[in-house]
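What follows is a set of notes on a single structure, which appears directly below.
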Amino acid sequence: MATKKQIILPIAVLVGGIALAAGFSSMKQPPEEKPEQDTRPLVSTDAVNLDAISLDVKSYGVVKAKDHTQLVAQVSGQVVYVSEQFVQGGFVSQGDILARIDPNDYEAALIEAQAGLAQASADLEIERAQAHVAKAEWDRIKDDSNQIIPSNLYLRKPQLAEKLARYRAAQAAEKRAVRNLERTYIKAPYDAIIAARDISLGSVVNPGSQFGALSSTSIAEIRLPVADKELQYLENGGIGATATLTAEYAGKPTTWQAKIVRSEGVIDQKSRMSYLVAQVNTPYQSKQPLRFGSYINANITGQTLNDAIVVPHHLVKDNKIAVLNDDLTLSFKTLNIVREQNGMVIASAGLNQGQQLITSALEFPTEGMQVKLNDLASPKSATQLALKEE
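Position in the sequence shown (from 1) plus 9 gives the number in the numbering used here.
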């Protein structure tokens with residue numbers, strides 16, 4: 010049988026626990042009411058600025074002379090004169106004498122040819138006089154009733170033809186002697202820079218011996234490779250377009266203006282590129298000469314696209330781009346993409362002037378989604394942003 014103590018003790022513990030729980034409950038504070046949170050995504054925008062955009066095409070190339078000539082001896086002999094300008098890198102003008110082959114033998118040959126021509130001329134005149142005498146004699150002795158025709162030999166026609174042939178041969182010999190004497194002079198065929206010199210004073214040359222090489226300084230040419238799909242952005246396939254050439258001169262970036270004059274009309278078998286040829290007149294006459302052998306970058310002026318916009322490629326998905334409406338909702342606009350280049354997209358239609366282009370990356374954007382504007386974002390047009398990133 011339970012004692013009194015065993016009955017009272019559990020009751021006392023139970024009552025104490027209830028009292029302690031009531032005390033803690035009275036000390037509990039009610040939860041604070043939290044303000045309602047705005048869960049709309051935060052976005053930044055740029056104003057759409059439609060403008061005229063030139064669809065330029067970039068290329069590159071090496072500057073070369075339009076005309077390059079190998080100087081070759083046409084007569085034999087010893088080189089007795091070499092011009093001071095006839096050195097590699099020297100500039101010469103058209104008609105300048107670069108070197109001279111010993112002319113003595115050719116002067117003697119000319120004198121001999123002139124003497125032969127004079128002798129042939131005298132023989133021809135004598136034969137003409139004899140032919141005239143023969144004809145006059147026949148006219149004097151012939152009878153009106155005599156129908157005999159004199160022979161050509163009697164009238165000295167074969168002899169006259171022989172003398173005439175010898176005279177013409179002598180003329181040709183003199184002309185050949187004059188030409189060979191002129192060929193002892195090695196002259197510049199045009200304004201040029203000396204690319205190479207292969208002879209020295211005292212050298213003995215024969216027909217075909219190399220004297221050197223010249224590069225014309227009148228016109229420089231650059232072959233510019235262009236991808237076939239890029240030709241659509243150039244008027245008339247690029248013919249007549251202006252190309253801005255950029256290279257370093259004396260360690261500083263320098264530009265020159267060139268003109269596309271022709272297309273080579275074939276596709277290179279290795280690079281699969283088409284080649285346009287640009288020309289620069291008098292490349293060595295400016296303060297910053299466009300030197301042959303220079304590697305240049307070229308920007309070919311393309312078609313002009315009016316009311317167009319340039320936007321970063323990552324903002325466009327499936328030809329659509331997100332814009333912010335006046336009621337702070339997101340909507341998608343379909344772009345008419347003309348070109349994609351260097352991470353940028355050029356579009357000719359799909360956006361209106363002044364529309365707010367969303368430039369923030371959204372995880373799951375949907376049509377009509379509510380967003381809020383980041384007021385701290387600096388207002389820039391999408392075109393300015395694109396040009397800066399480019």
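Glycine residues also receive a C-beta, built at the ideal position from the N, C-alpha and C atoms. Every value quoted in this text rests on a predicted model; they were computed, and no experiment measured them.
Identity of the residues DSSP links to residue i by a beta bridge
i    : result
I208 : The partner list for I208 (beta bridge, DSSP) is empty, contrary to what the question assumes.
P298 : None, per the DSSP bridge assignment.
F220 : None; F220 has no bridge partner.
T109 : For the sequence presented, residue 109 should be read as Arg rather than Thr. Note: R109 sits in a beta bridge opposite Y90 and Y194.
F341 : A331
Q288 : E230 and K268
Y69  : N306
E349 : V354
V84  : DSSP lists no partner for V84.
S225 : A201
S283 : V235 and I276
Buried versus exposed call for residue i [16 or more other C-beta atoms within 10 Å across all chains shown]
i    : result
Y304 : exposed
N189 : buried
V57  : buried
Q365 : buried
G302 : exposed
T193 : buried
L360 : buried
T368 : buried
R165 : buried
D327 : exposed
Boundaries (first-last residue) of the alpha helix (DSSP H) holding residue i
i    : result
K184 : K166 to E191
Bounding residues of the beta strand (DSSP E) (the contiguous stretch that carries residue i)
i    : result
D316 : T313 to P321
P234 : I228 to V235
V275 : K261 to I276
A252 : T251 to Y258
K63  : The sequence as given places Ser at residue 63; Lys does not occur at that position. Segment D60 to S63, the beta strand (DSSP E) holding S63.
A56  : T54 to A56
V96  : Per DSSP, V96 belongs to no beta strand (DSSP E) and is neither H nor E.
I158 : Counting along the chain, I158 falls outside any beta strand (DSSP E), and DSSP gives it neither H nor E.
L324 : No beta strand (DSSP E) contains L324, which DSSP labels as neither H nor E.
Q365 : Q365 to I367
Reference residue i; option with closest CA among the options
i    : options                  : result
A174 : Q128, I231, D76 and R188 : Q128
P298 : A229, G211, V88 and V319 : A229
D111 : A82, L314, V101 and S130 : A82
G377 : V319, A197 and F341      : F341
Q241 : L51, Y194, K75 and L314  : L314
E191 : L233, D60 and E116       : E116
E136 : Y176, I120 and D105      : Y176
L107 : Q379, L119, E93 and L333 : E93
E266 : D277, A250 and H323      : The question names Glu, but residue 266 is Gln in the sequence shown. Measuring from the Cα of Q266, the nearest candidate turns out to be A250.
N334 : H77, H322, G26 and V52   : V52
Q87  : N113, D148, M353 and V96 : N113
G104 : A61, G211, A197 and A204 : A197
A118 : A138, V84, Q379 and V89  : V84
Distance between beta carbons of residue j and residue i, contact taken as under 8 Å
i    : j    : result
K67  : N215 : Actually they are not in contact, since the Cβ atoms of K67 and N215 sit about 50 Å apart, beyond 8 Å.
L80  : I195 : 6 Å
Q288 : K268 : 6 Å
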